[in-house]
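> Quick one: this structure, given as structure tokens, is what I'll be asking you about.
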Amino acid sequence: MEKELKDLPEDVKSDPGPRGSKKLRGQKGYRIRVGDCRILYVIMFTVKGPVELAPLIAIVSNGTLTVTFDTPDAKKGFWSGRGLSGEPVTIRRLKSIPETILNIMQERVYTCDINPSMAGTKKTLMGWVHEIRDLGGIVFLVLRDREGFAQITLPKKRIDPEILEVVKRVPRESVIRVTGTVQEDARAPNGYEILPEEIEILNQANSPLPLDTTGKVGAELDTRLDSRFMDLRKPEVLAIFKIRNHVLVTIRKFLDEHGFLEINTPKIVATATEGGTALFPITYFDREAFLSQSPQLFKQIMMAAGFDRVWEIAPIFRAEEHDTSRHLNEATSIDIEASFMDHEDVMRLLEDLLARIYASVRNECEKALKDLNLQIEVPETPFRRITYTDAIDLIKSTDNPEFADLEWGDDLSSACEHELGRIIGEHYFITDWPTASKPYYTMPSTTDPEISLSFDLMHPKMELASGSKRIHEVELLTSKIDAMGLNPDSFEFYLRAFRFGMPPHAGWGLGLERVLMTMLDIDNIREVVLFPRDMKRVSP
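So the sequence shown is numbered by our numbering: it starts at 49 and just counts up by one.
Here's what the structure looks like:
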């Protein structure tokens, strides 16, 4: 590269850039980055001074990095130049920086972007070698990228022997770049195939592979999680996280439409949020602190701050010794808090959100659902509501001896939840929980202090969310904290917000992973987390 750059004008100086690129700075106000690709060479610079700031791309297609520079036209706002051979350098003005240099250099497309109508055109694909089938006179290479598969067809009599040699030695799951002509073929996946003119191995995979990505060889979940990077390459696993991404986008849109502001609360805290001991202690300089188990206290403080409606999607950490298929020690919680709303208001918001999630996934994630061989039904709203007292009566009415000792005031076990789910068979709310069973900030009923203005959102398989109207009077809140055996002094930062104008408010917390596993009919919650954290796993 130094040799190629030596003939640059004297007023352009070079200095090394990252990964072997060069940064060139010209006295005429250009900032230029030079980097190479196998086919195209790209120069990106920003014109300063009289010309409107705009990212520009100059593509030099003759295979040299060296160009001479002309003065930009200040009125028209363009830059021109010529290569060493005298050919014009083409200029491209970008609408925005996110139109990346990579895409311009490589002109890469995804497998889903190609269709039979493109027959006869040349395209470049990049991805992984999913499998290779040598049928004697013809070789089929299946390339996989994030969006699907493409068949690369190599008739041995028509393909360059050097390309065939590349295919012969490339191991499965190696990363490759393929440039070739699209050809319509109804027998091929997606109705087309690529006749390659060039295949380049970008990174060769080792053998043997830690996991099979074709689905022909199964593996236990722990084995899959040990090599999660490879497991995530499977289309049916990737589909889960495409849907997870879509669910998060849907939630954000929904809450934005309803006037909520996104907040980010601390994950290192000085005291328990919910009370109890299910906290992970950490050393915070010279004192003890904890990983946050909930954003609850900070959500409520934001009500006193006048934010009115807030939401957060963030990790929560709970040091609970559960080793089940539906518990994690690090999970993702969707939390909202809203001033001048009560528990009924936020229940309606919650059921509408869940219905929106289901409808959006059904309508916009067809490919991912197909990869999972799944169809989903959108739950009808409003969801059924039953009181805690009714729930106890329903469970005991089954005459199952397992529930013979169940009494009012008891927490509902997993077995109780399953029994209720079997009876009701759809999403539902359990309301009016005993005050003693809910956190200290939960508002008791004005007609019966033993009953709280609270709810749990249930799927037939498990609990999804919990919420309530909150206490907004500092005296009552302080007495509740004290009654739980907690020291109000430890909550002074929280209680202060209630002394200077705290509005009535309500809120809930919804478990993202539980929504996903119930919607997608997945048995183990670890399947819907990229790198799950439970009692036994902290790596990878």
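Don't be surprised by glycine CBs; every beta carbon is placed ideally from N, CA and C. For clarity, every value in this text was computed on a predicted model and none was experimentally measured.
Where S445 and D438 are concerned, what is the direct C-alpha to C-alpha distance, given to the nearest angstrom?
10 angstroms
> Three or more C-beta pairs under 8 angstroms: does that hold for the segment 235-254 against the segment 216-226?
yes
> In whole angstroms, what is the alpha-carbon distance linking S342 and M174?
Cα-Cα distance, rounded: 42 angstroms.
> Is there a C-beta anywhere in chain C that falls below 8 angstroms from the one on P283?
No chain C appears in this structure, which consists of one protein chain only.
> Compare the beta carbon distance of A267 and L257 with 8 angstroms and say whether it is the shorter of the two.
no
> From the DSSP output, in three-state form, read off G228 for me.
strand
> Is V226 closer than 8 angstroms to L191 when the C-beta atoms are compared?
yes
> Determine the direct distance from the alpha carbon of Y240 to that of I349, and round the result to whole angstroms.
58 angstroms
> Whole angstroms are fine: how far does the CA of Q423 sit from the CA of R410?
8 angstroms
> Roughly how many angstroms lie between the CA atoms of P497 and F277, to the nearest whole one?
52 angstroms
> How would you write the range of the alpha helix (DSSP H) that M567 sits in, first residue to last?
If you look at M567, you'll find it in the alpha helix (DSSP H) that goes L560 to M567.
> Residues in its own chain within less than 6 angstroms of R585 by CB, not counting five upstream and five downstream?
none
> Can I299 and I361 be called in contact, C-beta distance under 8 angstroms?
Between I299 and I361, the CB-CB gap stays under 8 angstroms.
> Going by C-alpha distance, which of L212, L189, H553 and P237 is nearest C160?
Closest by alpha carbon: P237.
> Would K301 and S340 be called neighbours here (beta carbons separated by less than 8 angstroms)?
Result no, Cβ atoms of K301 and S340 do not sit closer than 8 angstroms.
> Specify the secondary structure class of I529 as computed by DSSP and reduced to three states.
helix
> Count the other CB atoms, across all protein chains shown, that sit within 10 Å of the CB of S461; report buried if there are 16 or more and exposed otherwise.
exposed
> Please go through the same chain and pick out, in chain order, the residues whose beta-carbon is closer than 6 angstroms to the beta-carbon of K598, but skip the five residues on each side of it.
In the structure displayed, the chain extends from 49 to 588; residue 598 sits before or after that span and is not available.
> Straight-line CA distance for I440 to E465?
10 angstroms
> Does DSSP put I107 in a helix, a strand or coil?
Model confidence at I107 stands at a pLDDT of 42, short of 50, so the residue's coordinates are unreliable and nothing is read from them.
> I need the DSSP call for I330, collapsed to helix, strand or coil.
strand
> Are the beta-carbon atoms belonging to I519 and Y489 less than 8 angstroms from one another?
yes
> Just to confirm, are K517 and A554 a CB contact at a threshold of 8 angstroms?
yes
> Grab me the residues of G473's own chain with a C-beta within less than 8 angstroms of its C-beta, minus the 5 sequence neighbours each way, in chain order.
P508
> Quick one: measure Cβ to Cβ for H391 and S514, integer angstroms, because I've assumed they're closer than 8 angstroms.
The Cβ separation is near 11 angstroms, so there is no contact.
> Across the segment 568-577 and the segment 527-541, are there enough close Cβ pairs to call them in contact, namely three or more that are closer than 8 angstroms?
no
> With contact counted as at least three CB pairs below 8 angstroms, one residue from each stretch, are the segment 445-455 and the segment 412-426 in contact?
no
> Hey, K347 and E310 are a contact pair by Cβ (cut 8 angstroms); roughly how many whole angstroms apart?
So it is not a contact: roughly 12 angstroms between Cβ atoms.
> Quick test of your reading: R574 and L273, contact by CB under 8 angstroms. State the CB separation rounded to the nearest angstrom.
With 8 angstroms as the limit, R574 and L273 qualify as a contact, their Cβ atoms being about 7 angstroms apart.
> Of the choices F188, M510, D458 and R433, whose alpha-carbon is the least far from that of R470?
M510
> With distances taken from CA atoms, which of R396, L398 and E425 is nearest A407?
Closest in alpha carbon position to A407, among R396, L398 and E425, is E425.
> Leaving out five residues on either side along the sequence, give the residues of the same chain with a beta carbon under 8 angstroms from the beta carbon of Y332.
Sequence-distant Cβ neighbours of Y332 in its own chain, meaning closer than 8 angstroms and more than five residues away, are I316.
> Would you kindly report the start and end of the unbroken alpha helix (DSSP H) that includes K415?
E414 to D419
> Span of the beta strand (DSSP E) holding T298?
Residue range P283 to E305 is occupied by the alpha helix (DSSP H) that includes T298, with no beta strand (DSSP E) assigned at that position.
> List the endpoints of the continuous alpha helix (DSSP H) containing G469.
S462 to I472
> Consult DSSP for M571 and reduce its assignment to one of helix, strand or coil.
Note on identity: in this sequence residue 571 is Asp, with Met being the wrong assignment. If DSSP states are grouped into helix, strand and coil, D571 belongs with coil.
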